[in-house]
Amino acid sequence: MRYLLKGGLILGETPADILIEDGRITKIGDVRADGAEVIDVGGRFVLPALADPHVHAREPGFEHKETLETVSWAAVAGGYAHVGVMPNTSPPIDSPEMVRALKARSENLPVGIHVVGAITKGREGRELTEMGLMREAGAFAFSDDGSWVSDPSVMLNALIYASHMGVPLITHAEVPELARGFANYDAVGIKYGMRFRSPLAEELAIYRDARMASLVGAHLHVAHISTPDGLEVALSFRERGARITTEITPHHLLFSTDRIPFYDPTFRVNPPIRSEADRRAMVDAFRKGLIDFVATDHAPHAYYEKEAPLTDASPGVEGLETAFSALYTHLVLTGEMSLRDLLVRMSARPADFLGVAVSLSEGSEANLFVFDQDAEWKVREEDLRSASKNNPFLGKVLRGRVLMTFAKGSLAYRR
Amino acid sequence: MKHLLDIETADRDFLMKILESAEVFLKVLEQPSKKLPTLRGKTVLFMFMEPSTRTQSSFEVAAKRLSADTVNFSPAKSSMRKGETFLDTLYNLQAMGVDGIIVRHSSPGAAHFVAQHTKASVINAGDGAHEHPTQALLDAFTVRRHLGRLNGLKVLIVGDILHSRVARSNLFLWRMFGSEVMFSGPPTLLPGEFEGLGARIVALDDVLEDIDVLMVLRLQRERMEGPYVPSVREYRRYWGITRERLRRLPERTIILHPGPVNWGVELDWEANDRENTLILEQVRNGVAVRMAVLYHLLARTEEVG
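The following block contains the structure:
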């Protein structure tokens, strides 16, 4: 197939046409149709496709929430071409056979599916998984996401071993004894009688893991970092030469405890939505480039699992279909950061972490999306392609909307 | 007002109306025939997801005195045991046609959650550590009957403030009516953030001689020993209202307790020798106040289904 994207703004700045032939970008500039299917994208942004290393595809075991297929639809609708899927499935992804099965299931899906293997067998925090064999089967990183590896001797060995195998470990940094509840510890939580997940839980967990990683030379990646104190710890080890990277979610960048109804189960998420002061500090750090990239922690749940009193509601929110519009609306249009800086944090850097290259250049595989930067849209359930609908932006108006996405060389989504 | 979900955001005039009507209902309770036809034909559903004896009985007596039909939902015997979700349970019970739902749940915000999913009037009978609005109303009612006002009083609440919905509802109520609220308790159970909500954190022995209302909270059994408080005797030594501390209280000071009392832990038995210890009167007044709440929320609404 040959497509000619006519009249778009490359990276939101330079007017140029893009010719795509056999899945590759073959020409950027002033191009004539010459028999290609012409798609008029006049004046719209043409951007490199996004990548998200932290997604819960729920397969196998929780197909009523999401599957590899439905998460792919959701991803391309959000401008994504590559996602990393987390191993907290049932059974967990803790063997090379499981990794191979997932890779096989994903081959013909519209997005690149990259597999995170579990650090410990059964995600039980005791015995190491076969990280070498799983890496050979295609796992790009390892994580017991959803839980912290509590036993320090297990984590220390996991870091030594992962470092030898040349793979990063992703830590869900919350000391469980300080994170038994469901809400942030702050004045708002005190007022509403919440049960807490303390910011200290994150800070202390990061300290232990970062200290160990620096000691043994491993690459530690901190998932969904949410507190300025935790970030400071991570950065202090990085300054001393440790290989520590971090990611942040759109919901931790855009919501804070004093801006959400305290009883709304949608916003029950681990780590919890933090205070406005913490949020502000995290936006500032994100703007300055102190946080490496955005990951949505896309966590689908069925309506009946989510819509319950806080003590019973499943933790997590969806993110893939709204992440870019939401951050464009609230960080780019407000002048907090440039479009280019946002793209680095949502495309180039997370793609690099996944081990793939995404670029808008001649000769590259076509991984790009067209963004109608002026469209205003209200997020509605019926627009979401994920199998679940627990999106925190439901009912909210966002500026800018994904019009089409090329992923893995193919036209994967068109509104 | 359609619901009574919390004191914090409740309308001041509405709360005042409840307190005034409660006076009338209290007189009714003193008569030989205690039953009124006011809520005849209305159905009140009790969704008590946590054990409660006095609050539930109090609401039941209140509803029955007003001639409402009552339906009891108890999770131990219910299909929630079989995996039915809370929301499904709510929808099913509601489909039977109820006018009011009284909710007790261990989750903060549970009553708000129910209110979002029903057309019936919802009364919060305690949502986790968040609020217990009718308890605060009956406390205020009791105090007003004895001291004649709600403003300009010094209210001291002692105990496990962190986990107490009674403390929060009382804090909001007394602040709303212009009284001062002081909190005292073990530091592990009384975070400094409460000062930002309008309470003054005090040392018990600094203020005993000059308070109008002393509210003693129950120390939950599971918190008597362990990470919050080392032992019962240490708790009693520093935060118990012992006979020695009772002697230092002014005669006018009203002692309240939301019950049930751990005698000899948070409060010594000698409290009963004082005229102004009103723990049983609170229970009696609770029925009148809850009748007033039911009356104002349900009496004038049309049937909803």
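Protein chains in written order, with the numbering used here: chain P, 1 to 415; chain R, 1001 to 1305. Every residue gets a Cβ at the ideal spot worked out from N, C-alpha and C, and that includes glycine.
With contact defined as three or more Cβ pairs closer than 8 Å, the region 1111–1118 of chain R and the region 286–300 of chain P are not in contact. For P:K288, the closest of P:D383, P:F262, P:L342 and P:G316 by C-alpha to C-alpha distance is P:L342.
Beta-bridge analysis with DSSP links P:S143 to P:I170. Of the candidates P:M165, P:S147 and P:V188, the residue whose Cα lies closest to the Cα of P:V175 is P:S147. Residue-level contact by beta carbon fails for P:G316 and chain R, as no gap is shorter than 8 Å. When Cβ pairs closer than 8 Å are counted between the two stretches, the region 312–326 of chain P is seen not to touch the region 1128–1140 of chain R, the count staying below three. Between P:A187 and chain R, the shortest Cβ-Cβ separation is below 8 Å.
Relative to the Cα of R:R1221, the nearest Cα in the group R:P1191, R:F1046 and R:V1261 belongs to R:V1261.
Beyond the five residues adjoining it in sequence on each side, R:P1191 comes within less than 7 Å, by CB distance, of L1162 in the same chain, given in chain order.
Taking one beta carbon from each stretch, the region 85–98 of chain P and the region 112–122 of chain P have 3 or more pairs nearer than 8 Å; the two touch.
Listed as beta-bridge partners of R:M1047 by DSSP are R:F1073 and R:V1103. Annotation note: the region 284–366 of chain P contains the following uninterrupted alpha helix (DSSP H) runs of length 4 or greater, listed N- to C-terminal: 303–306, 323–327, 339–343 and 349–354. Along the region 1189–1254 of chain R, the alpha helix (DSSP H) occurs as fully enclosed runs of 4 or more residues at 1204–1207, 1232–1239 and 1243–1248, listed in sequence order. Along the region 41–112 of chain P, the alpha helix (DSSP H) occurs as fully enclosed runs of 4 or more residues at 68–77 and 96–106, listed in sequence order.
Cβ contact annotation for P:L310 (same chain, cutoff 7 Å, sequence separation greater than five): F182, Y263, P265 and R268, in chain order.
Residue-level contact check: P:T311 touches chain R, since one or more beta carbons of chain R fall below 8 Å from its beta carbon. Just so you know, the alpha carbons of P:E127 and P:A141 end up roughly 17 Å apart.
Per DSSP, reduced to three states, the secondary structure at R:M1096 is coil, with no helix or strand assignment.
Around the Cβ of R:Q1282, a 10 Å sphere holds 16 or more other Cβ atoms; the residue is buried. Non-local beta-carbon contacts of R:E1270 in its own chain, meaning distances under 7 Å to residues more than five positions away in sequence, involve R1243 and L1246 in chain order. In chain order, P1191, E1193 and F1194 make up the part of chain R whose C-beta sits under 7 Å from the C-beta of P:I190. Near chain R, meaning a CB-to-CB distance below 9 Å, the residues of the region 255–268 of chain P are P261, F262, Y263, D264 and P265. Neighbourhood of R:F1086 in chain P, by CB distance below 8 Å: A308, P309 and D312, in chain order. A distance below 8 Å between beta-carbons, with the five flanking residues on each side excluded, links R:H1146 to the following residues of its chain, in chain order: I1254, N1276 and L1278. Counted as a single uninterrupted DSSP element, the beta strand (DSSP E) harbouring P:S410 occupies residues S410 to R414. In this structure, P:V167 is the residue among P:I273, P:V167, P:P261 and P:Y185 with its C-alpha nearest to the C-alpha of P:T245. For P:N184, the three-state secondary structure derived from DSSP is strand.
Per DSSP, P:I18 is one residue of the beta strand (DSSP E) stretching across T14 to E21.
Under DSSP, P:L368 forms a beta bridge with P:P48 and P:F406. Using a CB distance cut-off of 8 Å, P:G181 does not count as an interface residue toward chain R.
Annotation: R:R1104 to R:E1050 spans about 6 Å, alpha carbon to alpha carbon.
Residues of the region 283–308 of chain P whose Cβ lies closer than 7 Å to any Cβ of chain R, in chain order: Y304, E307 and A308. Chain order gives the chain R residues near P:G193 as P1108, G1128, A1129, H1130, R1165 and R1168, where near means a beta carbon separation below 7 Å. Per DSSP, the beta bridge partners of P:E37 are P:Y3. Three or more Cβ pairs closer than 8 Å define a contact, and the region 58–72 of chain P meets that threshold against the region 93–108 of chain P. Nearest Cα to P:H164 within the set P:L403, P:H219 and P:V356: P:H219.
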